[in-house]
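With mature numbering (1 follows the signal peptide of the UniProt record, and there is no 0) applied, the sequence shown corresponds to residues -20 to -1, 1 to 108, in that order. Here is the structure we will look at, set down as structure tokens.
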Amino acid sequence: MFKHCLVGAAALLIVAGAQAEDYSPTYTQCMDKASSTLAMGACIQAETQLQDDRLNRVYKQLMAKLDSQQQKDLREVQRTWMKYRDGNCAFHGKLSNGSIYRIEGAMCEMDMSKDRAAELERVLSPGQ
């Protein structure tokens, strides 16, 4: 039983480490120095822009590799995903009037964009 717990914990650490690597070093440094929610918000905003640029870049690369039907399908899925991301993150940001919820909403958008970019990268280059 203990052995299974150790294996599970190790797997979680590996996944967490891999996810953290998708953030820019600038973001990590910025958040380490942030001493207010305003400063955190600026870090998140800058990283969100980087992740959005990454997502747009990989989306365009993937579109260039697909046939016309696959392009149509990806375009439709991407629009649906964006609508979900925006609604989901707006919900998180409006749970309360407190500044921490605005940070949560902003982090939601950043995280979902990062995850979607990584997902499309895996589709673009399977097995890497």
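For every residue, glycine included, the Cβ atom is placed at its ideal position computed from N, Cα and C.
Since residue i is in the alpha helix (DSSP H), which residue starts that stretch and which ends it?
| i | result |
| --- | --- |
| residue 47 | Taken as a continuous stretch (DSSP letters only), residue 47 belongs to no alpha helix (DSSP H), as it is neither H nor E. |
| residue 79 | 79 to 104 |
For residue i, does the three-state DSSP call read helix, strand or coil?
| i | result |
| --- | --- |
| residue 2 | coil |
| residue 107 | coil |
| residue 75 | coil |
| residue 26 | helix |
| residue 70 | helix |
| residue 14 | coil |
Please report the Cβ distance between residue i and residue j, rounded to the nearest whole angstrom; I am assuming they are in contact, meaning their Cβ atoms lie under 8 Å.
| i | j | result |
| --- | --- | --- |
| residue 97 | residue 34 | 4 Å |
| residue 73 | residue 82 | 5 Å |
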